[in-house]
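Novice:
Residue numbers (our numbering): 1332 to 1554.
1) Would DSSP call residue 1434 helix, strand or coil?
2) Assign residue 1360 to one of two classes, buried (16 or more other C-beta atoms within 10 Å of its C-beta) or exposed (fewer than that).
3) DSSP three-state label for residue 1489, please.
4) Rank 1490, 1443, 1391 and 1440 by C-alpha distance to the C-alpha of residue 1520 and give the top, closest one.
5) On a Cα-Cα basis, can you pick out the residue from 1344, 1511, 1354 and 1502 that is closest to residue 1461?
6) Tell me, please, whether the CB atom of residue 1402 is closer than 7 Å to any CB atom in chain B?
7) Grab me the residues of residue 1522's own chain with a C-beta within less than 6 Å of its C-beta, minus the 5 sequence neighbours each way, in chain order.
8) Taking one C-beta from the segment 1446-1466 and one from the segment 1410-1423 each time, how about it: are there three or more such pairs within less than 8 Å?
9) Give the DSSP-derived three-state secondary structure of residue 1351 in the structure shown.
10) Is it the case that the CB of residue 1533 approaches a heavy atom of the ligand FAD more closely than 6 Å?
11) Counting only the same chain and skipping the five closest in sequence on each side, list residues whose C-beta sits under 6 Å from that of residue 1453.
12) According to DSSP, which residues form a beta bridge with residue 1414?
13) So what does DSSP say about residue 1519, is it helix, strand or coil?
14) Distance, Cα to Cα, residue 1513 vs residue 1372?
15) By DSSP, does residue 1447 sit in helix, in strand, or in coil?
Pasting the structure below:
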């Protein structure tokens, strides 16, 4: 328990050092999400407090409602404590969900710029021959997740297509097989499928292709 408290304080110090001041909303929101994820309270940002349950509701329903109210109050306090005084005055009477929506609306210009940069990076991703597929796909999944947090969710099919299209010609057989069988896998599952495929492709003929196209010299005639 003491270790958890220490970790929480260390994470919250990130917010204290870089309070929301009107120019750093994207970074502040990202740090806030990290802190709340540690406390398992990130949900209050996206879900408003529901109406109070009737008196005859099951105990579990009442407990869930009370927990949401308590978590929302704590998150609201963290948010207010980590912004400049002028912003505190504007938002001090708001619940956490209401507050984050108001801030996103206020700083949507920053979000738009951030979305442009992230989408540009995502759509320009290409795996260079010889580089490992794992970090490449994880990077793309990270961009896709960031876009979702910025209010621009990609459909799973489009996200999958972007990853497959980013692969070099060496993976053509894998891509054709994936498309022919109309596979519909979550992105982490697609990554799991690509890793053994990479091992097979980099053996034998695949390794030769990597050597040639990777700029490490052409094989001699007769080999």
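Here a beta-carbon is modelled for each residue, glycine too, at the ideal position from N, C-alpha and C.
Bear in mind that the values here come from a model prediction, so they are computed numbers and not experimental data.
Specialist: Based on what the coordinates show:
1) helix
2) buried
3) Note: residue 1489 maps to helix in three-state DSSP.
4) 1490
5) 1502
6) No chain B appears in this structure, which consists of one protein chain only.
7) 1468
8) no
9) strand
10) You won't find the ligand FAD in this model; it holds no ligand whatsoever.
11) 1474
12) Secondary-structure assignment with DSSP links residue 1414 through a beta bridge to 1351.
13) helix
14) Near 37 Å, if we compare the C-alpha coordinates of residue 1372 and residue 1513.
15) helix
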